[in-house]
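Converting from the sequence shown to our numbering requires adding 309 to each position, the first position being numbered 1.
Glycine included, every Cβ here is placed at the ideal spot set by N, Cα and C.
A quick write-up on the structure given underneath.
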Amino acid sequence: MMKYIGCLISLSLLFSAASPAIMAQALEGREGSFSLPLGLHKAMLLKPGPGNPRNSEGDFIQLRDGRLLFVYSHFTDGSSDHASAFLASRISSDGGQTWSDKDAIILSNEGGFNIMSVSLLRLVNGQIAMFYLRKNSMEDCRPWMRISTDEALTWSEPVEVITDQVGYYVLNNDRVIQLKSGRLICPVALHHLPEYEQPDWKGLLMCYVSDDSGMTWKRSASVLKGTNRDGSRTTFQEPGVIELKDRRLMMWVRSDGGSQYLSWSEDEGNTWSQPVPSEIRSPVSPASMERIPGTGDLLLVWNDHADIPEVLKRRRTPLSVAISRDEGRHWTRSVALENDPEGWYCYTAIECMGDHVILGHSAGDRRTGGLNCLQVTRFEVSWLYEVLGEPQKVRTQ
C-alpha cells in the first residue's frame with residue numbers, strides 16, 4: 310500500500326508545473342483519488358446514479374438576471390455515446406460557487422438514440438441559441454439549434470444546421486461561436502455518409518456558417534482530410550474554432566499525431582489551411598479554448614502530454630491549463646488542475662464570469678467509466694496567472 314501511494318505521489322510531482330505547495334496532493338478516501346490544488350474550487354460534481362449512468366458534455370450561459378445556467382447531457386439507460394439521453398440543467402445564483410441540487414429538463418430526448426453535446430450562445434440580437442446533436446442512428450447524427458427569447462424558459466422549434474446531406478457529424482459541446490461580424494461558425498467532423506460501406510472515424514473536417522442568426526446555414530468550401538506523406542491517414546476529429554484579434558480564425562483539431570493540429574482561415578471560415586501539428590502535445594483527446602475577457606489572452610484546457618510518463622500515454626490525464634499572449638503561436642508552461650493517473654478529463658466547457666473562470670468537464674475514473682461523471686471547477690483569473698508566474702495585464706483592445 311505504501312509503495313502504491315509513493316508511486317502516485319511521484320506521478321503527481323511529474324505532472325505538476327506549479328510549486329509543491331500549490332500542487333500538493335492528498336488522498337480523499339479511495340486509492341488514486343486526489344484533492345484539487347489550493348486555489349481551485351470543485352463547485353459541483355454530478356455522479357452517476359440509479360437510472361442515470363452518465364452525465365457529460367455541457368455548456369454555460371450567463372442569464373440577464375445574473376444567474377449562470379449549465380445545460381448538459383443526462384443519460385438514462387446506459388453510458389455509451391449511443392445510449393438514451395436528454396438535456397438537463399442546473400442553475401447558480403452566486404457566480405458558479407454553488408448550484409441547484411435538482412435537475413430541470415431543458416429538452417426531452419427527441420433522437421432515435423439521444424440528444425447531447427450542448428453549445429449555448431448569446432446572439433448579438435440578445436437571444437440565446439442552444440445547439441445540440443440529435444443522434445438518430447449511426448448514419449444520422451447532426452446538429453440542431455433552438456432559440457430562446459425568454460432567458461431559457463422556453464425554446465423555439467428546432468432548426469437544422471446541416472440540411473445538404475444526412476450523415477454522422479460530430480459537434481462537440483461549447484464549440485459554436487459568433488464572430489465580431491455576427492457570423493455563426495459551427496465546426497464539425499464528418500464520419501459517415503449513406504454511400505460509405507463503414508464509418509470513417511479518421512474524419513473529414515468542415516464548418517457550417519450562418520449570417521442570419523442561425524436561420525439558414527451553408528457548408529464551408531474547405532473540407533479537410535488528414536493525409537501523411539506516405540498516403541496514410543491522420544485522424545482529424547472534434548474541431549474547435551476561435552477568432553483571433555486580427556479577425557483570422559484558428560481551428561484546433563483532435564488527432565492521433567501526438568498533438569492538437571492547427572488550421573487558419575482568413576475569410577471567416579469559408580476556406581482553411583491544411584492542419585499542421587502544433588506544440589500542444591496531446592493524446593487522442595479534445596482540447597478547449599476561450600479568450601479571457603479581462604486580459605485578452607487565450608486560455609487553453611487540455612491533457613498536456615509533453616514529457617508524459619510512458620505508462621500514462623493514451624490516457625486523458627492530467628487536466629492542464631496554459632495561456633497564450635501571442636494569439637496561439639506560443640503557450641506558457643502548463644499547470645495541472647487534476648492529475649489522478651486513473652482520471653479521465655475531457656470535453657471541457659469554459660466560461661469566464663467576472664474575475665473567475667468556470668470549467669465544466671468530464672471527471673470520471675477510466676476503470677469504472679471515464680465519461681460518467683461531470684464536474685464544475687472554478688478558480689480566479691488572478692490565481693491562474695500567479696501559478697503560471699505570468700504578470701496579469703489588463704486587456705487594451
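Use the C-beta contact count for residue i: other C-beta atoms within 10 angstroms, 16 or more gives buried, fewer gives exposed.
i: H639; result: exposed
i: T472; result: exposed
i: E577; result: buried
i: S541; result: exposed
i: A413; result: exposed
i: Q507; result: exposed
i: V630; result: buried
i: S389; result: exposed
i: M559; result: buried
i: M454; result: buried
i: S599; result: It is worth fixing the name first, because residue 599 is Glu in this sequence and not Ser. Under this definition E599 is a buried residue.
i: N423; result: buried
i: R363; result: buried
i: D606; result: buried
i: D539; result: exposed
i: K444; result: buried
i: V685; result: buried
If you compare alpha carbons, which of the options is closest to residue i?
i: D386; options: L377, S398 and N418; result: N418
i: Q583; options: E466, N537, Q701 and K351; result: N537
i: E504; options: C495, A530 and Q474; result: Q474
i: C516; options: P496, S389, F384 and G603; result: P496
i: P650; options: L628, S633, G637 and T657; result: L628
i: T543; options: I415, N681, E448 and G512; result: G512
i: I437; options: G535, S382, I486 and L514; result: I486
i: W561; options: V518, V610 and D520; result: V610
i: P452; options: N434, T525 and Q371; result: T525
i: F545; options: A672, R363 and P595; result: P595
i: I589; options: D606, A615, S572 and E575; result: A615
i: D410; options: F384, S393, L378 and V433; result: L378
i: W653; options: C682, V644 and G637; result: C682
i: G358; options: I601, H383 and S587; result: H383
i: E647; options: D635, E699 and D613; result: D613
i: P586; options: Q569, G679 and W510; result: Q569
i: T458; options: H391, K527 and R373; result: R373
i: E552; options: D509, S490 and D520; result: S490
i: A530; options: W581, G566, D565 and L488; result: W581
i: I456; options: W573, Y441 and R556; result: Y441
i: G360; options: V380, Q371 and A394; result: A394
What three-state label does DSSP hand residue i in the structure shown?
i: Y505; result: coil
i: Q436; result: coil
i: E547; result: strand
i: L347; result: coil
i: W692; result: helix
i: L493; result: strand
i: L680; result: coil
i: L354; result: strand
i: L697; result: helix
i: D403; result: coil
i: G637; result: coil
i: S398; result: strand
i: K622; result: coil
i: L372; result: coil
i: I632; result: strand
i: K527; result: strand
i: S382; result: strand
i: N364; result: strand
i: L607; result: strand
i: V685; result: strand
i: K534; result: strand
i: L646; result: strand
i: N423; result: strand
i: K702; result: coil
i: S389; result: coil
i: M447; result: coil
What does DSSP give as the partner residue(s) for residue i in the beta ladder?
i: I617; result: None; I617 has no bridge partner.
i: G673; result: W653
i: Q487; result: L493
i: P452; result: L442
i: R431; result: I437
i: P586; result: Y570
i: W561; result: G549 and L571
i: H500; result: The partner list for H500 (beta bridge, DSSP) is empty, contrary to what the question assumes.
i: I414; result: A397
i: R542; result: T536
i: A658; result: G669
Evaluate the contact criterion for the segment 652-668 versus the segment 397-413: three or more CB pairs, one atom per stretch, below 8 angstroms.
yes
Say whether the segment 478-492 touches the segment 420-438, bearing in mind that this needs 3 or more beta-carbon pairs closer than 8 angstroms, one atom from each stretch.
yes
Is the segment 353-367 touching the segment 388-400 in the sense that three or more CB pairs, one from each, lie closer than 8 angstroms?
yes
Inspect the CB distances between the segment 615-624 and the segment 361-369 and report whether three or more fall short of 8 angstroms.
no
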